[in-house]
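Okay, structure first, notes after.
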Amino acid sequence: MNIIITGNGKVGKTLTRQLSGEGHNITVIDKDSSVLESSIENYDVLTVTGNCASRKVLDAAEIEKTDVVIATAATDETNLLCCLSARSANPDVKTIARIRTPDYVDNIERDRDLYGLSLAINLEKNAAIEMDRLIKFPGVLKRETFIRGRVEIVELAINEDSPLCDEPLTKISSILRSQVLVCCVLRDGEAIIPGGSFVLRHGDRIFVTGAIEALSKGLRTLGVVTGKIKKVFIVGGGRVSFYLAHRLVRNGLDVTIVEKKRERCEELSQIIPEACIICGDASDMTVLESERMGSFDAVASLTGIDELNIITSIFATKLGVKNVITKIGRDENRKVVDSLPVGSIVCPKELCCSAIVRYIRGMQAGSGAADSVHFLAEGLVEASEFTIDETTRHRDTPLRKIKLKKNTLVACVRHNGKFVVPDGDSCFSLNDKVIIVSKSSDAVLGFNDIFAD
Amino acid sequence: MNYKAVLRINAQVILIETVLMTVPLIICMADGDSPGFRGFAAAMIIGFVLSGAALWLTRKAKNNIGARDGFFAVGLAWTLMSLLGALPLFVSNSIPSYVDAFFEIVSGFTTTGASIIPGEEIASLSRGILYWRSFTHWLGGMGMLVLLLAVIPQSGRNGGFSLHILRAESPGPSVGKLVPKMRQTAMILYFCYFALTFLDTIFLVASPELSLFDALCLAYGTAGTGGFGLNGHSIGGYSPYVQNVCTVFMYLFGVNFTLYYYLLMRRVSYIFKDEELRMYLATITLSITVIMINLWRNGIFSTFGERLRHAAFQVASVMTTTGYTTTDFNEWPSLSKGIMVCLMFMGACAGSTGGGIKIMRVLLLGKTIRRNTHSLLHPREVKAIRYNGGVVDERVIENVQSYMAIYVAILIFSFILISMDGRFSVLSNATAVISALNNIGPGLEQVGPSGNFAGYSVFSKLVLCFDMLAGRLEIFPMLVFFSRSTWKKV
Chain A
51 MNIIITGNGK VGKTLTRQLS GEGHNITVID KDSSVLESSI ENYDVLTVTG
101 NCASRKVLDA AEIEKTDVVI ATAATDETNL LCCLSARSAN PDVKTIARIR
151 TPDYVDNIER DRDLYGLSLA INLEKNAAIE MDRLIKFPGV LKRETFIRGR
201 VEIVELAINE DSPLCDEPLT KISSILRSQV LVCCVLRDGE AIIPGGSFVL
251 RHGDRIFVTG AIEALSKGLR TLGVVTGKIK KVFIVGGGRV SFYLAHRLVR
301 NGLDVTIVEK KRERCEELSQ IIPEACIICG DASDMTVLES ERMGSFDAVA
351 SLTGIDELNI ITSIFATKLG VKNVITKIGR DENRKVVDSL PVGSIVCPKE
401 LCCSAIVRYI RGMQAGSGAA DSVHFLAEGL VEASEFTIDE TTRHRDTPLR
451 KIKLKKNTLV ACVRHNGKFV VPDGDSCFSL NDKVIIVSKS SDAVLGFNDI
501 FAD
Chain B
4 MNYKAVLRIN AQVILIETVL MTVPLIICMA DGDSPGFRGF AAAMIIGFVL
54 SGAALWLTRK AKNNIGARDG FFAVGLAWTL MSLLGALPLF VSNSIPSYVD
104 AFFEIVSGFT TTGASIIPGE EIASLSRGIL YWRSFTHWLG GMGMLVLLLA
154 VIPQSGRNGG FSLHILRAES PGPSVGKLVP KMRQTAMILY FCYFALTFLD
204 TIFLVASPEL SLFDALCLAY GTAGTGGFGL NGHSIGGYSP YVQNVCTVFM
254 YLFGVNFTLY YYLLMRRVSY IFKDEELRMY LATITLSITV IMINLWRNGI
304 FSTFGERLRH AAFQVASVMT TTGYTTTDFN EWPSLSKGIM VCLMFMGACA
354 GSTGGGIKIM RVLLLGKTIR RNTHSLLHPR EVKAIRYNGG VVDERVIENV
404 QSYMAIYVAI LIFSFILISM DGRFSVLSNA TAVISALNNI GPGLEQVGPS
454 GNFAGYSVFS KLVLCFDMLA GRLEIFPMLV FFSRSTWKKV
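Encoded structure:
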């Protein structure tokens, strides 16, 4: 597909990498030619220098032949204007815009057609929703839901005390006394799609999948679930903090926010009157101590500075907080951060990209395409949800007779309304829902891609 | 430096070259030309063995290459493919000395067209060898690595690396892609190139005096703006019709190929607005007019038509750096000769198959000079240089200036090194270097249209080979060889 990406910032770059890797024709527009230079050197893309909202620039990027415009410039107004100009130049074009200003994000999402948008992506809100989910289900590092929330993949850290440590994967189900499956292991920065004889080690991070009931039973047996969270401490008062606090307060949780700037504190106290707003510098440990951060059930470090977030999270872990969430803006930092005791890591950029990639993959393939795609383990692994239809090959053949591609795993099958962790006798029947876990390097775009033959 | 990736690219280039040698091999077989057959068979066996071994050795190479790797890969590839391409000429004993054979093939690939074979002996070469000589022009014109980019599928994720190769191989100060995908860009370029060559062949074969073989060889020479002929008279021995077809197609191959893409896309307004094309046409018209008047005043050629035909042909040949001739312009009055030498420097449009400095560079240089002199009067002036309606990046301007500086330096050094030979006149030496560095072919006096380069010493020939490669690859890929860090282990 022909795709224009406007704005070559953090989000734009990640999208460029992902989408050009999937073989789309990408044109990148940015005002700064030196930023574009690095993109054109690293990815197989075309670049145009200029203001993306200008019709002239869009014409130079061949808007009339474009299928999708993704506006990821810094300001909402530019993005909206860009999508409007794109629509007027080519009425058939699909437009995706990043919208972040809380003041009008709601009405834009409601009146998408009026603004000429096919999809509005709110980075900060998506991140807040993700964090909210983590807080609702404490103890796991990451949660992804499939099949309308009936199946989940959760990320867990394995340490020496864990009953799973030094055990082969075949014994996991009997230890946890529930039907779950380890679909991916992240070890020393490398993602492994494991076989049954794989033995877990201290320091591994594992991705466990199963129907939601089986999974929560397993997590309870494991002792990961630590009771309900009632008090949340948020460091930093930016947009993510606002969305998160807003959701938490609505669910009746106690929220404390620490923010440095006086004016922002006043603003926050007006829009979230239920929250306790503290004006203070989070980099000053005495502020955190005097607010008794250690006594909270959960701490979320959400300032704009990655380094500060990391330090605050380490400090919170040290104080004995069980559930820590760290926001990371630049995913280059993630490799370093993974080894630190910072709890769950949420990268807004990554979330936004997976939403867009999901949308584009859905557009691209029509039938046979994944219903949804989630990225696990820093995007090294993908979990995709498929519906079995008439075009699927090897229907009703037991799995043990089918040869699957390397690094591909059938994680879960919904057959006649029942969720099963597949074994050699399982098979795919019409209208089944199947979750496939595979390495991103050889992505599964259509269901038939999983077969080796 | 990613040596493995560089080696892999080179192995792929050699493999493609080896495969393409099949055509002259078949011609030799059909003609019963056993020395030629032996030459091509030997070269192909060596090519297959070397490239196969290199491909196997580098099967795990990562393809993330930077600007330096791109330059190095292109410079090395052109040297290696010339070394291999010279083998058939040497083994078949068509050219007894390997250095001479190398010179001839470098001249072929770089689309120079300078020959060490005396005019009267060219016609006695076997058809397989003649075909290969001309075909190297065609390959060199658009570039072997661009062909590689079009033929070999790239893995999507690291596709950006290939831009460094396109930039290193394609002529012009600011090389970019036409469409987002590098492979498609390369395919479009080769499609235009192929289509124009096909058209040229059709027009040539329509003339009764040319066989399909002759027409193909002449078309290859025209398309690549090379200039190897099939006999000692270049194009002079053919009818005015053939000469005129060559003239028109030389001009066409001197145009930036991006414009042909625009033509295909029906974006005609881009073509009319192109400053380089306007300057190209203006220069052609002016040069032809002045030369015609000059020839008329000196009583050369009897009719207006003849003057126009020869002036247009010679201007096309020199400006697009083809090097075909219909008449010995060494006999022309000095004003005409002077214009010809100036046109040698200027060359064709950027992104064409022609050589020289390129009109786009001349234009940008002129604009820079105007701005710099203007800002002498207004020291605080801030002014962007515009080209084709857009602002030119300052880095491109810097690149053009440093290119010019190195260009002149190489010109002077080579001239001095060649002058050590002592057998040729100053003007011959000077025009030999100019002609090699600008990929034209003939110079003046002893290396003029009726002379050849055979008299130079081995050392001078190698210097000229370097100049030809430097001229075709626009210097930088060849300079990487002299950078110490290229050879350092990282």
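So the sequences go chain by chain: A and B. Going by the working numbering, the first sequence opens with residue 51, and the numbers climb by one from there. Going by the working numbering, the second sequence opens with residue 4, and the numbers climb by one from there. Just so it is clear, CB atoms sit at the ideal spot from N, CA and C, and this is done for glycine as well. These numbers were taken from a predicted model, which means no experiment stands behind them.
**Asked** Taking contact to mean at least 3 C-beta pairs separated by less than 8 Å, is the segment 392–404 of chain A in contact with the segment 160–170 of chain A?
**Response** no
**Prompt:** Are the beta-carbon atoms belonging to ASP347 (chain A) and ILE284 (chain A) less than 8 Å from one another?
**Reply:** Translated into the one-based positions of the first sequence, residue 347 (chain A) becomes position 297. Translated into the one-based positions of the first sequence, residue 284 (chain A) becomes position 234. Against a cut-off of 8 Å, the Cβ pair of ILE284 (chain A) and ASP347 (chain A) comes out as no contact.
**Message:** List, from N- to C-terminal side, the alpha helix (DSSP H) runs of 4 residues or more that fit wholly inside the segment 142–194 of chain B.
**Reply:** 147–154 and 165–172
**Prompt:** Applying the criterion that 16 or more other CB atoms from any shown protein chain within 10 Å of the CB defines a buried residue, is TYR154 (chain A) buried or exposed?
**Reply:** Residue mapping note: residue 154 (chain A) aligns to position 104 of the first sequence, counting from 1. Classification of TYR154 (chain A): exposed, given that the 10 Å Cβ count is below 16.
**Prompt:** Using a C-beta to C-beta distance shorter than 7 Å, which residues of chain B count as neighbours of ILE360 (chain A)?
**Reply:** One-based indexing of the first sequence puts residue 360 (chain A) at position 310. Simply none; closest approach about 29 Å.
**Message:** Under DSSP, the alpha helix (DSSP H) around VAL318 (chain B) begins and ends at which residues?
**Reply:** For this step, residue 318 (chain B) is matched to residue 315 along the second sequence. Run containing VAL318 (chain B): 307–322, per the alpha helix (DSSP H) assignment.
**Prompt:** Cα separation between MET24 (chain B) and MET47 (chain B)?
**Reply:** For the purposes of this step, residue 24 (chain B) is taken as the residue at position 21 of the second sequence. For the purposes of this step, residue 47 (chain B) is taken as the residue at position 44 of the second sequence. Distance between the alpha carbons of MET24 (chain B) and MET47 (chain B): 7 Å.
**Pairwise C-alpha distance: THR323 (chain B) and TYR196 (chain B)** = Walking along the second sequence from the start, residue 196 (chain B) turns up at place 193. Walking along the second sequence from the start, residue 323 (chain B) turns up at place 320. If I take the Cα positions, the gap works out to 15 Å.
**Prompt:** VAL423 (chain A) touches chain B at which residues, Cβ-Cβ below 8 Å?
**Reply:** As a working note, residue 423 (chain A) is residue 373 in the first sequence. Result: empty, since nearest Cβ-Cβ is about 17 Å, beyond 8 Å.
**Item:** Alpha carbon of ASP473 (chain A) to alpha carbon of LYS221 (chain A), nearest angstrom
**Value:** For this step, residue 473 (chain A) is matched to residue 423 along the first sequence. For this step, residue 221 (chain A) is matched to residue 171 along the first sequence. If I take the Cα positions, the gap works out to 14 Å.
**Asked** What does DSSP give as the partner residues of ALA350 (chain A) in its beta bridges?
**Response** The residue given as residue 350 (chain A) occupies position 300 in the first sequence. According to the DSSP secondary-structure assignment, ALA350 (chain A) is paired through a beta bridge with A:ILE284 and A:ILE375.
**Prompt:** Hey, is ASP495 (chain B)'s beta-carbon within less than 8 Å of any beta-carbon in chain A?
**Reply:** Nothing can be reported for residue 495 (chain B): it is not among the residues displayed for chain B, which extend from 4 to 493.
**Residue-level contact to chain B via CB, VAL494 (chain A), 8 Å cutoff** = On the first sequence, residue 494 (chain A) is found 444 positions in, with the first residue counted as 1. Not an interface residue.
**Distance between LEU58 (chain B) and PHE51 (chain B) (C-alpha atoms, nearest Å)** = For the purposes of this step, residue 51 (chain B) is taken as the residue at position 48 of the second sequence. For the purposes of this step, residue 58 (chain B) is taken as the residue at position 55 of the second sequence. Whole-angstrom Cα-Cα distance: 10 Å.
**Neighbour list for ASN75 (chain A) in chain B, Cβ cutoff strictly below 7 Å** = By 1-based counting over the first sequence, the position of residue 75 (chain A) is 25. Ordered by position in chain B, the residues that pass the 7 Å Cβ test against ASN75 (chain A) are VAL182, PRO183 and LYS184.
**Prompt:** What span of residues does the beta strand (DSSP E) with GLU240 (chain A) cover, start to end?
**Reply:** As a position in the first sequence, residue 240 (chain A) is number 190, starting the count at 1. Its beta strand (DSSP E) spans residues 240–242.
**Asked** Closer than 8 Å, CB to CB, is ASP396 (chain B) near chain A or not?
**Response** The residue labelled residue 396 (chain B) in the question sits at position 393 within the second sequence. So, interface residue.
**Message:** Given a cut-off of 8 Å on the beta-carbon distance, is the pair LEU87 (chain B) and GLY42 (chain B) in contact?
**Reply:** Within the second sequence, residue 87 (chain B) is the residue found at index 84, counting from 1. Within the second sequence, residue 42 (chain B) is the residue found at index 39, counting from 1. Not a contact, by the Cβ cut-off of 8 Å.
**Asked** Between the segment 368–376 of chain B and the segment 314–334 of chain B, are three or more C-beta pairs nearer than 8 Å?
**Response** no
**Request:** Determine the extent of the beta strand (DSSP E) in which ARG160 (chain A) is found, giving its start and end residues.
**Result:** Numbered from 1 along the first sequence, position 110 holds the residue referred to as residue 160 (chain A). Judged by DSSP secondary structure, ARG160 (chain A) falls outside any beta strand (DSSP E) and instead within the alpha helix (DSSP H) spanning 152–160.
**Item:** Residue-chain proximity (LEU166 (chain B), chain A), Cβ-Cβ < 8 Å
**Value:** Stepping through the second sequence from its first residue, residue 166 (chain B) is reached at position 163. Taking Cβ atoms only, chain A reaches closer than 8 Å to LEU166 (chain B), which makes this a yes.
**Cβ shell of SER210 (chain B) (< 6 Å), same chain only, five flanking positions each side left out** = As a first step, residue 210 (chain B) must be located in the second sequence, where it is residue number 207. If we look at SER210 (chain B) and ignore the five residues flanking it on each side, its Cβ neighbours are TYR244 and VAL245.
**Request:** Reducing DSSP to helix, strand and coil, say where GLY245 (chain A) ends up.
**Result:** Here residue 245 (chain A) corresponds to residue number 195 of the first sequence, with the count starting at 1. Correct three-state label for GLY245 (chain A): coil.
**Message:** Does the structure place the segment 334–352 of chain A close enough to the segment 361–380 of chain A that three or more beta carbon pairs sit under 8 Å?
**Reply:** yes
**Asked** Quick one: is ASP82 (chain A) near chain B, going by C-beta distance under 8 Å?
**Response** To locate residue 82 (chain A), count along the first sequence from 1; it is residue 32. It does not; no Cβ of chain B falls within 8 Å.
**Prompt:** Enumerated in chain order, which unbroken segments of the alpha helix (DSSP H) with a length of 4 residues or greater are wholly contained in the segment 221–254 of chain B?
**Reply:** none
**Message:** Counting C-beta neighbours from all protein chains within 10 Å, is the total for LYS144 (chain A) 16 or more, i.e. buried, or is it exposed?
**Reply:** If you number the first sequence from 1, residue 144 (chain A) lands on position 94. With a 10 Å radius around the Cβ and a threshold of 16 neighbouring Cβ atoms, LYS144 (chain A) comes out buried.
**Request:** Would you list, in chain order, the members of the segment 85–99 of chain A that have their beta-carbon closer than 7 Å to a beta-carbon of chain B?
**Result:** ILE90, GLU91, ASN92, TYR93, ASP94, VAL95 and LEU96
**Item:** Validate contact between the segment 222–239 of chain A and the segment 284–302 of chain A using beta carbons, cut 8 Å, 3 pairs
**Value:** no
**Asked** Near GLY159 (chain B), which residues of its chain fall below 8 Å by C-beta distance, leaving aside the five closest residues on each side in sequence?
**Response** In the second sequence, counting from the first residue as 1, residue 159 (chain B) sits at position 156. Reliability of the predicted coordinates at GLY159 (chain B) is poor, the pLDDT of 44 falling under 50, and no value is obtained from them.
**Request:** Give a yes or no on whether the C-beta atoms belonging to GLY350 (chain B) and LYS340 (chain B) are separated by under 8 Å.
**Result:** The count along the second sequence starts at 1 and reaches residue 350 (chain B) at position 347. The count along the second sequence starts at 1 and reaches residue 340 (chain B) at position 337. Going by C-beta atoms, GLY350 (chain B) is not nearer than 8 Å to LYS340 (chain B).
**Item:** Cβ neighbour criterion (16 or more within 10 Å) applied to GLY73 (chain B)
**Value:** What you label residue 73 (chain B) is simply residue 70 of the second sequence in a count that begins at 1. Burial check for GLY73 (chain B): the Cβ neighbour count within 10 Å reaches 16 or more, so the residue is buried.
**Request:** Might you give, ordered along the chain, the residues of its own chain that have their beta carbon closer than 7 Å to the beta carbon of ILE17 (chain B), omitting 5 neighbours on each side?
**Result:** Here residue 17 (chain B) refers to the residue found at position 14 of the second sequence. For ILE17 (chain B), where only same-chain residues beyond five positions count, the Cβ hits under 7 Å are GLY50, LEU53, SER54, LEU83, MET84 and LEU87.
**Request:** Determine, using beta carbons only, whether ARG193 (chain A) and LEU173 (chain A) come nearer to each other than 8 Å.
**Result:** For the purposes of this step, residue 193 (chain A) is taken as residue 143 along the first sequence, with counting starting at 1. For the purposes of this step, residue 173 (chain A) is taken as residue 123 along the first sequence, with counting starting at 1. Result no, Cβ atoms of ARG193 (chain A) and LEU173 (chain A) do not sit closer than 8 Å.
**Request:** Could you check which residue in B:TYR254, B:SER127, B:ALA104 and B:PHE260 has the C-alpha nearest to that of LEU181 (chain B)?
**Result:** Counted from its first residue, the second sequence places residue 181 (chain B) at position 178. It is B:PHE260 whose Cα lies nearest to the Cα of LEU181 (chain B).
**Prompt:** Considering only residues of the segment 171–203 of chain A, which uninterrupted alpha helix (DSSP H) runs meet the minimum length of 4 residues and lie entirely inside it, listed in chain order?
**Reply:** 173–186
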